[in-house]
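Asks: Using the working numbering, the final residue of the sequence shown is 764, and nothing's skipped along the way.
Just passing along the structure, written as structure tokens.
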Amino acid sequence: MSDCRLVVNADDFGRSEAINRGVLLAHTSGIVTSASLMVRHETAGPAALAAREHPALGLGLHLDLAEWEYRRGEWRPLYEVVDPGAPDAVEAEAQSQLERFRQLVGRDPTHLDSHQHVHRDEPARSVAADLAASLGVPLRLDGTVRYSGAFYGQDRHGAPAHEAIRAESLAATIRALPEEATEVCCHPADATDVPSAYGAERILELRALCDPRPRRAVEERGAVLCNFGELLARRGGAT
Numbered sequence: 526m527s528d529c530r531l532v533v534n535a536d537d538f539g540r541s542e543a544i545n546r547g548v549l550l551a552h553t554s555g556i557v558t559s560a561s562l563m564v565r566h567e568t569a570g571p572a573a574l575a576a577r578e579h580p581a582l583g584l585g586l587h588l589d590l591a592e593w594e595y596r597r598g599e600w601r602p603l604y605e606v607v608d609p610g611a612p613d614a615v616e617a618e619a620q621s622q623l624e625r626f627r628q629l630v631g632r633d634p635t636h637l638d639s640h641q642h643v644h645r646d647e648p649a650r651s652v653a654a655d656l657a658a659s660l661g662v663p664l665r666l667d668g669t670v671r672y673s674g675a676f677y678g679q680d681r682h683g684a685p686a687h688e689a690i691r692a693e694s695l696a697a698t699i700r701a702l703p704e705e706a707t708e709v710c711c712h713p714a715d716a717t718d719v720p721s722a723y724g725a726e727r728i729l730e731l732r733a734l735c736d737p738r739p740r741r742a743v744e745e746r747g748a749v750l751c752n753f754g755e756l757l758a759r760r761g762g763a764t
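Have a look at this one:
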């Protein structure tokens with residue numbers, strides 16, 4: 526049996542109604558197996574409730590500390606929940622969002638990541654690593670699960686890169702997967718109803734995720750679609 530395992534994880538679940546619909550459609554009609562919940566928004570509750578009707582959809586915590594967009598040659602903040610450079614504030618907010626997740630979902634998250642990968646830098650890096658270790662779950666980019674960001678419709682300066690989020694591009698990424706567990710990140714939605722630097726791309730992602738070509742690529746590669754909970758169970762619960 527192949528050791529190629531694929532987690533297709535949808536970020537930003539719970540941020541808006543359009544994102545909620547997109548994530549669920551990409552799960553029921555596409556190849557999404559997992560989602561990361563943003564718990565601060567009013568639509569997080571409906572997202573968590575809907576997820577209960579789809580037990581195969583793994584659910585993790587998407588730590589939400591800030592968001593930036595690239596304008597006039599630099600990254601500028603759209604909002605900050607707390608100062609990302611303040612260790613105590615970041616730790617308190619992370620714990621608060623974990624507790625909110627538990628209230629909404631009724632259990633611990635299957636994995637941990639963060640909005641716009643804010644946990645790549647300190648102090649969020651250490652806070653997220655400690656939190657993931659205490660939960661015994663994977664943290665994105667910590668090396669426990671290979672991460673692929675190839676399916677993303679902008680370049681590093683926020684310019685459109687829509688070719689990357691076509692169905693055939695996603696299928697090519699899948700066919701090239703190595704013999705290990707890989708997470709492919711995505712951001713589907715069926716409309717653009719949030720103030721975000723990543724808007725129209727979400728609709729294109731949804732189309733690609735529900736296109737039959739990526740699923741055929743999974744079969745051709747001999748990969749096994751799974752969520753993080755199933756991945757941990759296969760590893761005997763060890764990250």
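Each residue gets a CB set at the ideal place from its N, CA and C atoms; glycine is no exception.
List the residues that DSSP assigns as beta-bridge partners of L584.
Replies: A560
Asks: Going by the DSSP bridge assignment, what does E605 pair with across the sheet?
Replies: A591
Asks: Are three or more beta carbon pairs between the region 547–554 and the region 602–616 nearer than 8 Å?
Replies: Because the criterion of three Cβ pairs below 8 Å is not met, the region 547–554 and the region 602–616 do not touch.
Asks: List the residues that DSSP assigns as beta-bridge partners of T707.
Replies: L531 and R671
Asks: Under the three-state reduction of DSSP, which class applies to S659: helix, strand or coil?
Replies: Here S659 sits in helix by DSSP.
Asks: Applying the 10 Å Cβ sphere with the 16-neighbour rule, what's the burial state of P609?
Replies: Answer is buried; the Cβ neighbour count reaches 16.
Asks: Given this structure, state the Cα-to-Cα distance separating Y677 from E542, to the nearest angstrom.
Replies: Taking the straight line from one Cα to the other gives about 21 Å.
Asks: Using a 10 Å radius around the Cβ and a threshold of 16 neighbouring Cβ atoms, would you call D655 buried or exposed?
Replies: Counting Cβ neighbours within 10 Å, D655 comes out exposed, since fewer than 16 surround it.
Asks: By the three-class DSSP mapping on this structure, what secondary structure does P713 have?
Replies: coil
Asks: Please state the DSSP three-state secondary structure of L629.
Replies: In the structure shown, L629 sits in a helix (DSSP, three-state: H, G or I).
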